[in-house]
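*Asks:*
There are 2 protein chains.
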Amino acid sequence: MPTNREIHLASRPQGWPTEDTFRLVETDVPTPGPGQIVVRNQYMSVDPYMRGRMNDVKSYVPPFALDAPLDGGAIGEVVASEAPDVAVGDTVLHNLGWREYAVLGATSARKVDPSLAPVSAYLSVLGMTGLTAYAGLLEVAAMKPGETVFVSAAAGSVGSLVGQIAKLKGAGRVVGSAGTAAKVQRLKALGFDAAFDYHDGPVRESLREAAPDGIDVYFDNVGGDHLEAAISALNLHGRVAICGMIAQYNDTEPPAAPRNLAMVIGKRLTLRGFLVNDHGHLREEFVRDVAGWLREGQLSYDETIIEGIDNAPAAFLGLLRGENLGKMLVRL
Amino acid sequence: MPTNREIHLASRPQGWPTEDTFRLVETDVPTPGPGQIVVRNQYMSVDPYMRGRMNDVKSYVPPFALDAPLDGGAIGEVVASEAPDVAVGDTVLHNLGWREYAVLGATSARKVDPSLAPVSAYLSVLGMTGLTAYAGLLEVAAMKPGETVFVSAAAGSVGSLVGQIAKLKGAGRVVGSAGTAAKVQRLKALGFDAAFDYHDGPVRESLREAAPDGIDVYFDNVGGDHLEAAISALNLHGRVAICGMIAQYNDTEPPAAPRNLAMVIGKRLTLRGFLVNDHGHLREEFVRDVAGWLREGQLSYDETIIEGIDNAPAAFLGLLRGENLGKMLVRL
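Going down the list, the protein sequences come from chains A and B.
Per this note's numbering, numbering of the first sequence is gapless, rising by one per residue and ending at 332.
Per this note's numbering, numbering of the second sequence is gapless, rising by one per residue and ending at 664.
(1) Any beta carbon of chain A sitting closer than 8 angstroms to that of residue 602 of chain B?
(2) Give the residues from the segment 536–564 of chain B that approach chain A closer than 7 angstroms (Cβ to any Cβ), ordered along the chain.
(3) If you reduce the DSSP assignment to three classes, tell me which class residue 499 of chain B lands in.
(4) I'd like the list of long-range same chain contacts for residue 287 of chain A, defined as Cβ closer than 8 angstroms, with 5 residues on each side in sequence excluded.
(5) Can you tell me which of B:518, B:597 and B:588 puts its alpha carbon nearest to the alpha carbon of residue 635 of chain B?
(6) Am I right that residue 563 of chain B and residue 590 of chain B are in contact with their C-beta atoms under 8 angstroms? What's the rounded C-beta distance?
(7) Are the beta-carbon atoms of residue 123 of chain A and residue 162 of chain A separated by less than 8 angstroms?
(8) Under 8 angstroms by Cβ, that's how I've got residue 5 of chain A and residue 100 of chain A pegged, so tell me the actual separation to the nearest angstrom.
(9) If I measure Cβ to Cβ from residue 587 of chain B and keep anything under 8 angstroms in the same chain, skipping five residues before and after, which residues do I get?
(10) Using a Cβ-Cβ distance under 8 angstroms, would residue 142 of chain A count as near chain B?
(11) Since residue 72 of chain A contacts residue 54 of chain A with CB under 8 angstroms, what's their CB separation in whole angstroms?
(12) Cutting at 7 angstroms between CB atoms, please list the residues of its own chain near residue 167 of chain A, excluding the five before and the five after it.
(13) Starting from residue 298 of chain A, trace the alpha helix (DSSP H) both ways and give me its first and last residue.
(14) Might you give, ordered along the chain, the residues of its own chain that have their beta carbon closer than 6 angstroms to the beta carbon of residue 305 of chain A, omitting 5 neighbours on each side?
(15) Just list the beta strand (DSSP E) runs in the segment 189–223 of chain A, keeping only unbroken ones of 3 residues or longer that don't cross its boundaries, in chain order.
(16) So if I threshold CB-CB distances at 7 angstroms, which residues from the segment 577–590 of chain B count as touching chain A?
(17) Using a threshold of 8 angstroms, state whether the C-beta atoms of residue 490 of chain B and residue 464 of chain B are closer than that.
(18) List, in order along the chain, the chain A residues whose C-beta lies closer than 7 angstroms to that of residue 596 of chain B?
(19) Please report how far the alpha carbon of residue 62 of chain A lies from the alpha carbon of residue 227 of chain A, in whole angstroms.
(20) Can you tell me the Cα-Cα spacing of residue 370 of chain B and residue 437 of chain B, whole angstroms?
(21) Quick check: is the beta carbon of residue 56 of chain A nearer than 8 angstroms to any beta carbon in chain B?
(22) Residue 475 of chain B and residue 608 of chain B - do their beta-carbons sit closer together than 8 angstroms?
(23) So within the segment 390–478 of chain B, which uninterrupted alpha helix (DSSP H) runs reach at least 4 residues, ignoring any that extend past its ends?
(24) Could you tell me which of A:221, A:46, A:135 and A:117 sits nearest to residue 96 of chain A, measuring between CA atoms?
(25) Quick check: the segment 647–654 of chain B against the segment 343–360 of chain B, are at least 3 beta-carbon pairs closer than 8 angstroms?
(26) Under DSSP, the alpha helix (DSSP H) around residue 608 of chain B begins and ends at which residues?
(27) Specify the secondary structure class of residue 33 of chain A as computed by DSSP and reduced to three states.
(28) Do you know how far the Cα of residue 347 of chain B is from the Cα of residue 599 of chain B?
(29) Which one of A:153, A:284, A:92 and A:278 has the shortest CA to CA distance from residue 109 of chain A?
(30) For the alpha helix (DSSP H) containing residue 385 of chain B, name the first residue and the last one.
(31) Tell me whether the beta-carbon of residue 149 of chain A lies closer than 8 angstroms to the beta-carbon of residue 171 of chain A.
(32) Look up residue 577 of chain B in the DSSP assignment and say whether it is helix, strand or coil.
(33) Give the residues of chain A in contact with residue 651 of chain B, contact being defined as C-beta atoms less than 8 angstroms apart.
(34) For the segment 65–76 of chain A, list every residue whose C-beta sits within 8 angstroms of some C-beta in chain B, in sequence order.
(35) Within 10 angstroms of its Cβ, does residue 344 of chain B collect 16 or more other Cβ (buried), or is it exposed?
(36) Can you give the beta carbon distance from residue 217 of chain A to residue 141 of chain A, rounded, assuming they're within the 8 angstroms contact cut?
Set out below in structure tokens:
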């Protein structure tokens, strides 16, 4: 067996993580026990929610352990198997990223067909990222045809799909915000009706210009100013699907909160936080829709791919700084 | 016709209203035109939402006009009628309170049977107040049997009904907060499992003691600290029905907002603002339930009654200061 390289959590960050938050560790690749497989990871995912897991606080998933490998979505090829249903050469999706070789029970892996789509797509448009966009927009926010949808971090992996799916499902108008002029250009190319760089002025004003008749749905990846602006812009019976609040993940002080929250009463707004885990019942419908759109060329997905396990910390830090277009992945 | 006395809005308050916000004006009672009735009001309601209508801002109901009578829920006896379906002597519910005599189109009044309940009850437990509690708890927050419910301003008109209805509908535990020791005592007499005075310490700590296993539903009448504490205490998939935010109605600066709002994601919380107007479809079920509970002696309702139109401003100011137990009414 070759040597495995993996990334450990070296220290818990206060505020922004740095390279010192991580440590590259070499280990042997263990031989699989009964029912286990060994996967040579081809791609691993870095996601904003991982920042929360670096803190030692109770949450919906346990915190990462110090001096142990991080984990997260990954896809790779089976190189050894002691499980009857999985063969060497199979491609599997699993949750032991941040390492070159993963050893896990076969029941914790899901076989995928690498001939149907590039394997990276199973970590982005066809995976949790895509389902997050689909479920948040259509189930949590219950978008209806003709409505106006606003999404923040719109050039990111989830946001860019939210905007496109909204159009494909009949939204009347789709508005996105992003952090650079290039991303704003990309959003327009993806079919967004309007897009703005949130650095160009108060979000509230940019949103009012982009959606003069207000919005019906806000898909929140950001929190903070964006959420406050959305609450002001929402029409009667508007809905907010709260997917993430990346603007505040590195705050050391309690973050500013929307000071116009009382508007939820008169406007009868619904704000709903969600995790994709609760929406697995939509998977079949999601795969059918998304595979169809991809086949017809109606849905684009961007990937920003960083090379090598040693650059995985840099990929994660770049994600937090918004350096990605679409899904941020590490090729191993 | 006798003289009518009514209360006008004399000035728009900055911060807390005062007696100078109001002006008592004497007018003649107009004679009714075709289709109109004249009502001698017996009771009028003062409600927290009226504070918002004193500001000159766009909202779900238009602001009160300066130098014109205020309005709001009232009940009284018809003393003149030019409408075929309404007779002198009928008791009607309508929206022209803040005056001794109201002249209105008969279609804007609803006849009620004064033999079924004291007429004041149509402005409290059997009226909008009761329906607000019922719809907010059972439809907006979708309380299920066995759940733990927390309600703020729990000794107020809506809150005291929320707590009792929760118990009657099978809540496992009901917790209320109020602003005096006497109110806390009253909540315990009404069957609340736990109650605390929010002046006695941080709401978050008092709530944790009162509901050590967390809460599933929060019925918010207050906003501010209470909402923040509730978000911290809510269990997975918890729901907040946002009915009012009285803590901040007189603020001149943007109010503090819950700084733990990001918890809505991991806990998959739903926060929903509502107005009773949207829930009229529940009225029949509501009346059946509430009338039954009243008949069986299972539901109590408190009323704080102030005498005379000249004391209506004091009644409203007292309401904002929390001087009422249950529904605050003015007897005319």
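Even glycine gets a Cβ: it sits at the ideal position worked out from N, Cα and C.
*Replies:* To lay it out plainly:
(1) So yes, residue 602 of chain B belongs to the interface.
(2) The residues in question are 555.
(3) Here residue 499 of chain B sits in helix by DSSP.
(4) Taking residue 287 of chain A as the centre and dropping the five residues before and after it, the same chain places the C-beta of 126 closer than 8 angstroms to its C-beta, in chain order.
(5) Here the closest residue by C-alpha is B:518.
(6) With a Cβ gap of about 5 angstroms, residue 563 of chain B and residue 590 of chain B count as contacting.
(7) Taking 8 angstroms as the cut-off, the beta carbon of residue 123 of chain A is found no closer than this to the beta carbon of residue 162 of chain A.
(8) Residue 5 of chain A to residue 100 of chain A, Cβ: 5 angstroms. Contact.
(9) Here the set comprises 555, 556, 577, 579 and 580.
(10) Chain B contact via Cβ: absent.
(11) No, residue 72 of chain A and residue 54 of chain A are not in contact; Cβ-Cβ is about 12 angstroms, not under 8 angstroms.
(12) Residues of the same chain with a CB within less than 7 angstroms of the CB of residue 167 of chain A, apart from the 5 flanking positions on each side, are 174 and 191 in chain order.
(13) Annotation: residue 298 of chain A is outside any alpha helix (DSSP H) and is labelled neither H nor E by DSSP.
(14) 329 and 331.
(15) 194–197 and 215–220, all fully within the segment 189–223 of chain A.
(16) Against chain A - using a Cβ distance shorter than 7 angstroms - the residues of the segment 577–590 of chain B are 577, 580, 586, 587, 589 and 590.
(17) It is a contact, given that the beta carbons lie within the stated cut-off.
(18) Within chain A, the C-beta atoms nearer than 7 angstroms to that of residue 596 of chain B come from 242, 271 and 273, in chain order.
(19) Their backbone Cα atoms lie some 27 angstroms apart in a straight line.
(20) The straight-line gap separating the alpha-carbon atoms of residue 370 of chain B and residue 437 of chain B is approximately 9 angstroms.
(21) Not a single CB atom of chain B sits nearer than 8 angstroms to the CB of residue 56 of chain A.
(22) Cβ atoms of residue 608 of chain B and residue 475 of chain B: not closer than 8 angstroms.
(23) List check, alpha helix (DSSP H) in window: 460–467.
(24) Taking only the C-alpha atoms, the option nearest residue 96 of chain A is A:46.
(25) Touching, per the Cβ criterion.
(26) Per DSSP, residue 608 of chain B belongs to no alpha helix (DSSP H) and is neither H nor E.
(27) Annotated three-state conformation of residue 33 of chain A is coil, per DSSP.
(28) Cα atoms of residue 599 of chain B and residue 347 of chain B: separation of roughly 36 angstroms, rounded to the nearest angstrom.
(29) Answer by Cα proximity: A:92.
(30) Element bounds for residue 385 of chain B: 381–385.
(31) Cβ atoms of residue 149 of chain A and residue 171 of chain A: closer than 8 angstroms.
(32) For residue 577 of chain B, the secondary structure class from DSSP, reduced to helix, strand or coil, is coil.
(33) The premise fails here: residue 651 of chain B is roughly 17 angstroms from chain A at the closest Cβ pair, so nothing lies under 8 angstroms.
(34) Within the segment 65–76 of chain A, no residue qualifies.
(35) Under this definition residue 344 of chain B is an exposed residue.
(36) At roughly 5 angstroms, the Cβ-Cβ gap stays under 8 angstroms, so residue 217 of chain A and residue 141 of chain A are in contact.
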